[in-house]
Structures are given as structure tokens and as C-alpha cells.
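I have placed the structure first, in the form of C-alpha cells, so that the comments after it can refer back to it.
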């Protein structure tokens, strides 16, 4: 359902490939990277040893982020049956399609 | 994990050989939120209009039993749902600002710690579809209303549906469901939606038509009050009014409620009453009996029977038989299979009433025929037959 009050606006970040945690730990809580924008508005994402350049895209068809009610984890791919609420709308995405540029270094400089 | 500091961010920029002067001052440090891997979030791609509906505070509902393909319903439309796979990773990030937003707010924080709420490799795609309304009639036909004197109603309470029941069982939007209830002349009796048993419906109709005849009222000006007064001792007043609403057009003249009786609908109902008693009829005999059976002043025409009966022009003598479009399958391919099983070759004129309801929003009957049938010429007339052998 929509719910009362203004709906939150989130942003979609689209990356190529898989996202994997370092040292094989849990994803939850772990850092992905730093997101900068150039003065021209180009998004720049530093993930691990890679620099990704992307672009800001206004989505022709916005997305709704649905959260399943009832707590149970996502069941079979057979169907989205169940109760959902809309957590947010997404009208913008940051699309990173370019081949990541590796950062050639050994260890990030510590302060 | 400890939150990154500005110093760490700057150190990373330096290692990456990026010039801070070429960047906006604010940075988003992205990390995965505590729920991120849980899979409780999913993405739904919105068709035009749905975004505005959500922003206006209206709901979208996913409907379907375990054995049905799920559909998504807005207030007045129904959509099929399909998973679309991308080869990319889609992360959904609350509180992430665009360059425009950052530039518009110069006081914005230097470091924004954004937690990724979830991620997915796929999303739900929507495609507008016909509401799945055949089930509505099927449910209401489980227990048609036979009148207040019927024994059945007093004993059983199962198979009766409220509006809420129907909303949870039918894969269609609320408006589409309510509209269909009106089309099939359903009525609410004691809070439950009911369809009238056909024989009872015809009994009610004949009370009214006989009264019209004996009072010599014009068919276009049948007074509600008089009907309720004269017939109120025979049938419940709600039923009398319901039959007038079903078979007439209500209007008010000088404060008085009248009905303009619907000739086509009445003739059609009487035809159904005659045709349901046999497998088929001699056409000319049927036409004679039919005309004699309708109220004085009404004229029967075969085109009143579209989607109800089919004339077999190839038999000698010509015959007519009952074939109700609402008894045929709802799925496109199954409908065509069924029709071609009944008759091998159809003219467009004959088949149109039986496929008209399959047309999607901007689809024509011609487009349907192109897709599901093959055309050929028979005695100078274009006919359609099945694309595949019918067993």
C-alpha cells in the first residue's frame, strides 16, 4: 500500500557483476566504497581498488521498493504473493557501466 | 564497522590520484545496511500513472491464489507481473543525493554515510492486462438467488460473497470488479453479492412485462412506484426495483421515477429462455415463437443475440443454438481452440462477438484473428480456421 505522508525517494546504483564482501564475511555492515561527483555531475565510485565512472539517469519508468510484510524471507521465485508495503520510490539511478579502472597501489594511505 | 572519516576519504582520493578540486565537496560513504542481504526488499518497475497513484497515497495490491499468476491492481487497472533479469547488480540507497540536490544545498554535509537498504539482480515488470473476471461470475453462480421463498437460502450460508471477499479472490482492480458486477446485473442481498437464478429472473421480468401490458403503459415510461405497489405483494420490492434497473433505463420526469424498458435486452433474455430448452432449433420456427413471446410493441432481431446464440447457415433447414460467450474459456488460445472445436470455419461477422472481449487496450479483433487464426476463402467469403489441428 502507499501509506500516508510523502514517500521517501531513494536512488538506484547499478553496477556490473557481483558484489562480494571482503574476506568472505557478511555483507551487512560492510563498506562498499566512496561515491563522489565531479563538478560536471559525473558520479565516481571508488570500490576497493577500482574507480568506476558512471552517469546520472532519470528513469523513464520509476521503481517502487517493496518490502514484504510478515517477516518471512523471500519465498520461491514462483510468485510475489503476500503483503507488501512501498518503502520508497526510485526515480534516479547512477549507472556504472564503464570498465573499472584499477587503482594501482599496495595499501591505502593511513592517517 | 567504524564510519569512515574525512581524512580517510581524502587519503583514498589521493591514492586513486583523483583531484579533489574537480569534485563536489560532499562524499557518500556507502555501506551495506543491517538488512541489506535479507532479500525482503524487491523492486517493482512502475507503468505510467502508477507512480503518481502511489505518491497520492493510493495503494497497489498484488492478488492471486498460490495456483494463479500474480497480478498487480491499482484502483482501476490490472497488470500481469513478470520477473525481468538484468546481468547487473541493482543497489537501492536511501538518502543518496544527486549532484543537483548537492548543488542546491551548499550547506550540505561534507560526508554522507549512506546505508544500502538492499540489492537485487532482478525486478518485477508490469504489463497491463485484462482483468480476470470470469472467476467472478463462477463464484456468484455457485449459489444463484432463487427468490425469498427458496428453501436453499434459509439453510446454507456458504458460497456467499461480500465485496471484501470478492476483492481478495478476484484478480482485478476494485473498479473493474464493481463495474463487472453491474454488467452482470448482480445485486446485494443481505450484504452479499448475488446473481439471480435465470428462471427467477424471468419470472420477475414477466411480472413487469405483464403489468406493463395490462396497464397499457408505454414501454418508454414505466412508473417505478406503481410497479412496486402492484407487484409488491408478489415479490420483494428490492427485487422488483432490481429487475427494472436491469432491464430498463432509469430517469426522472418532474420528480417521478420512470424506466425506459430496454427492448434489445428483453428480447435477448426471452430468446435465451427459449433456446436453453433444446440443443438446437429450426431457425424459422424459433424466430416465429420468439417474436410471439416478447412484449407487445417489441421487435425481435437476430443481431440482438450476438454472443448468445449462433446460427448454422450450412444446415438445411437453417438452425440456431445457444452459445454463450461467458461460458467460453478466458485465455486467448483456449478460447480460439474452443471456438474452432465448435465450428471449423468462421466468418469474421460470426466470430467477432465471441472474441471481442479478448481485445487488450488498443487491440482490434483483426489483430487477434491474425495472431490466432488462419484465413482462407470459401465460396467467395473470407473465413477463419485454426492455425493448428484440432483434436
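Residue numbers (the working numbering), protein chains in the order written: chain A, 1301 to 1411; chain B, 503 to 893. Cβ coordinates follow ideal geometry from the N, Cα and C atoms, glycine included.
task: Inspect the beta-carbon positions of residue 628 (chain B) and residue 574 (chain B) and report whether they are closer than 8 Å.
output: For the purposes of this step, residue 628 (chain B) is taken as the residue at position 126 of the second chain. For the purposes of this step, residue 574 (chain B) is taken as the residue at position 72 of the second chain. It is a contact, given that the beta carbons lie within the stated cut-off.
message: What does the alpha-carbon distance come out to for the pair residue 1351 (chain A) and residue 1313 (chain A)?
response: Within the first chain, numbered from 1, the residue matching residue 1351 (chain A) stands at position 51. Within the first chain, numbered from 1, the residue matching residue 1313 (chain A) stands at position 13. Those two C-alpha atoms are separated by around 15 Å.
- request: Could you tell me the distance, in whole angstroms, from the CA atom of residue 616 (chain B) to the CA atom of residue 530 (chain B)?
  value: Numbered from 1 along the second chain, position 114 holds the residue referred to as residue 616 (chain B). Numbered from 1 along the second chain, position 28 holds the residue referred to as residue 530 (chain B). In this structure, the alpha-carbon of residue 616 (chain B) lies about 6 Å from that of residue 530 (chain B).
task: Using 7 Å as the cut-off, classify the Cβ of residue 1391 (chain A) as near or not near the heavy atoms of the ligand GTP, replying yes or no.
output: As far as ligands go, the structure on display features none, and thus does not contain the ligand GTP.
field: Inter-residue spacing [alpha-carbon to alpha-carbon] between residue 749 (chain B) and residue 858 (chain B)
entry: The residue given as residue 749 (chain B) occupies position 247 in the second chain. The residue given as residue 858 (chain B) occupies position 356 in the second chain. Between the alpha carbons of residue 749 (chain B) and residue 858 (chain B) lies a gap of roughly 23 Å.
Straight-line Cα distance separating residue 534 (chain B) from residue 1371 (chain A): Walking along the first chain from the start, residue 1371 (chain A) turns up at place 71. Walking along the second chain from the start, residue 534 (chain B) turns up at place 32. For residue 1371 (chain A), the pLDDT reaches just 45, beneath the cut-off of 50, and the residue's location in the model is therefore unreliable, although a value from the coordinates is still provided. For the pair residue 1371 (chain A) and residue 534 (chain B), the Cα-to-Cα distance works out to about 19 Å.
query: Within this structure, are the beta carbons of residue 717 (chain B) and residue 730 (chain B) separated by less than 8 Å?
result: One-based indexing of the second chain puts residue 717 (chain B) at position 215. One-based indexing of the second chain puts residue 730 (chain B) at position 228. One thing to note: residue 717 (chain B) has its Cβ no nearer than 8 Å to the Cβ of residue 730 (chain B).
query: If you scan the region 714-799 of chain B from start to end, which runs of the alpha helix (DSSP H) of 4 or more residues do you find wholly inside it?
result: Here the runs fully enclosed are 726-733, 739-749, 765-777 and 785-795.
message: Which runs of the beta strand (DSSP E) at least 3 residues long sit entirely within the region 815-847 of chain B? Give them in chain order.
response: Runs of the beta strand (DSSP E) inside the region 815-847 of chain B: 821-824.
message: Am I right that residue 777 (chain B) and residue 823 (chain B) are in contact with their C-beta atoms under 8 Å? What's the rounded C-beta distance?
response: Position 275 of the second chain, counted from the first residue, corresponds to residue 777 (chain B). Position 321 of the second chain, counted from the first residue, corresponds to residue 823 (chain B). Rounded to whole angstroms, the Cβ separation of residue 777 (chain B) and residue 823 (chain B) is 7 Å, and the two are in contact under 8 Å.
task: Taking only beta-carbon positions, decide if residue 1400 (chain A) is within less than 8 Å of chain B.
output: Residue mapping note: residue 1400 (chain A) aligns to position 100 of the first chain, counting from 1. Under the Cβ distance rule, residue 1400 (chain A) does not count among the residues neighbouring chain B, no pair being separated by less than 8 Å.
message: Could you check whether residue 640 (chain B) and residue 587 (chain B) sit closer than 8 Å to each other, using their CB atoms as the reference points?
response: For the purposes of this step, residue 587 (chain B) is taken as residue 85 along the second chain, with counting starting at 1. For the purposes of this step, residue 640 (chain B) is taken as residue 138 along the second chain, with counting starting at 1. For the pair residue 587 (chain B) and residue 640 (chain B), the CB atoms are not nearer than the 8 Å cut-off.
Segment contact flag, the region 753-773 of chain B with the region 782-796 of chain B, C-beta cutoff 8 Å, min 3 pairs: Yes, the region 753-773 of chain B touches the region 782-796 of chain B.
message: With a threshold of 8 Å between beta-carbons, can residue 1348 (chain A) be considered close to chain C, or not?
response: This model lacks chain C altogether, as its protein chains are A and B.
query: residue 576 (chain B) and residue 735 (chain B) look like a contact to me (Cβ under 8 Å); what is the Cβ gap, rounded to whole Å?
result: What you label residue 576 (chain B) is simply residue 74 of the second chain in a count that begins at 1. What you label residue 735 (chain B) is simply residue 233 of the second chain in a count that begins at 1. In fact, because the Cβ distance is near 47 Å, the residues do not count as touching under 8 Å.
- prompt: What does residue 625 (chain B) reach in chain A if we use C-beta pairs closer than 7 Å?
  reply: Against the second chain, residue 625 (chain B) aligns to sequence position 123. Taking a Cβ-Cβ threshold of 7 Å, the residues of chain A close to residue 625 (chain B) are 1363, in chain order.
message: Using beta carbons (cut-off 8 Å, strictly below), is residue 861 (chain B) in contact with chain A?
response: On the second chain, residue 861 (chain B) is found 359 positions in, with the first residue counted as 1. Answer no: the Cβ-Cβ gap between residue 861 (chain B) and chain A never drops below 8 Å.
- prompt: Between residue 671 (chain B) and the rest of its own chain, which residues show a CB-CB distance below 6 Å, the 5 nearest in sequence each way excluded?
  reply: Along the second chain, read from residue 1 onward, the residue named residue 671 (chain B) stands at position 169. The beta carbon of residue 671 (chain B) lies closer than 6 Å to none in the same chain, with the five residues before and after it left out.
task: Name, in chain order, the residues that DSSP records as bridge partners for residue 590 (chain B).
output: In the second chain, the residue the question calls residue 590 (chain B) occupies position 88. According to DSSP, which records beta bridges pairwise, residue 590 (chain B) is partnered with A:1316.
- prompt: residue 888 (chain B) to residue 844 (chain B), Cα distance in whole Å?
  reply: Looking up residue 888 (chain B) in the second chain gives position 386. Looking up residue 844 (chain B) in the second chain gives position 342. Residue 888 (chain B) and residue 844 (chain B) have their C-alpha atoms some 11 Å from each other.
- prompt: Along the chain, where does the alpha helix (DSSP H) that runs through residue 684 (chain B) open and close?
  reply: Within the second chain, the letter at position 182 stands for residue 684 (chain B). Following the DSSP letters along the chain, one finds residue 684 (chain B) inside the alpha helix (DSSP H) bounded by residues 676-685.
- prompt: In whole angstroms, what separates the C-alpha of residue 814 (chain B) from that of residue 786 (chain B)?
  reply: As a position in the second chain, residue 814 (chain B) is number 312, starting the count at 1. As a position in the second chain, residue 786 (chain B) is number 284, starting the count at 1. Distance between the alpha carbons of residue 814 (chain B) and residue 786 (chain B): 12 Å.
message: For chain A, check one thing: does any of its Cβ atoms lie closer than 8 Å to the Cβ of residue 520 (chain B)?
response: If you number the second chain from 1, residue 520 (chain B) lands on position 18. Yes, residue 520 (chain B) lies at the interface with chain A (some Cβ there is under 8 Å from its Cβ).
- request: Please list, in chain order, all residues of the same chain as residue 511 (chain B) whose beta carbon is under 8 Å from its beta carbon, the five residues on each side excluded.
  value: Residue 511 (chain B) sits at position 9 when you count from the first residue of the second chain. Excluding positions up to five away in sequence, the list reads 529, 531 and 613.
task: Could you please give the first and the last residue of the uninterrupted alpha helix (DSSP H) stretch that includes residue 527 (chain B)?
output: To locate residue 527 (chain B), count along the second chain from 1; it is residue 25. That residue, residue 527 (chain B), is in no alpha helix (DSSP H); it is neither H nor E in DSSP.
field: Distance between beta carbons of residue 885 (chain B) and residue 856 (chain B), contact taken as under 8 Å
entry: Here residue 856 (chain B) refers to the residue found at position 354 of the second chain. Here residue 885 (chain B) refers to the residue found at position 383 of the second chain. Rounded to the nearest angstrom, the Cβ distance from residue 856 (chain B) to residue 885 (chain B) is 14 Å, too far for a contact under 8 Å.
message: Less than 7 Å between C-beta atoms, sequence neighbours within five positions excluded: which residues of the same chain meet that for residue 1309 (chain A)?
response: In the first chain, residue 1309 (chain A) corresponds to position 9, counting from 1. By the criterion of a C-beta distance shorter than 7 Å, residue 1309 (chain A) is surrounded in its chain by 1388, 1389 and 1391, once the five residues flanking it on both sides are discounted.
- prompt: Where does residue 696 (chain B) land, buried or exposed, given buried means 16+ other C-beta within 10 angstroms?
  reply: For the purposes of this step, residue 696 (chain B) is taken as residue 194 along the second chain, with counting starting at 1. Buried, since its Cβ has 16 or more Cβ neighbours within 10 Å.
Residue environment, residue 853 (chain B), which counts as buried when at least 16 other CB atoms sit within 10 Å: Position 351 of the second chain, counted from the start, is the residue given in the question as residue 853 (chain B). Burial is judged here by how many other beta carbons sit within 10 angstroms of a residue's own beta carbon; residue 853 (chain B) has at least 16 and is buried.
field: Run of the beta strand (DSSP E) containing residue 1362 (chain A), from where it starts to where it stops
entry: Here residue 1362 (chain A) corresponds to residue number 62 of the first chain, with the count starting at 1. Start and end: 1355-1368.
message: Check for me: the beta strand (DSSP E) holding residue 548 (chain B) runs from which residue to which?
response: Your numbering for residue 548 (chain B) matches position 46 in the second chain. That residue, residue 548 (chain B), is in no beta strand (DSSP E); it is neither H nor E in DSSP.
field: Three-state secondary structure (DSSP) of residue 582 (chain B)
entry: For this step, residue 582 (chain B) is matched to residue 80 along the second chain. DSSP, read as helix, strand or coil, puts residue 582 (chain B) in strand.
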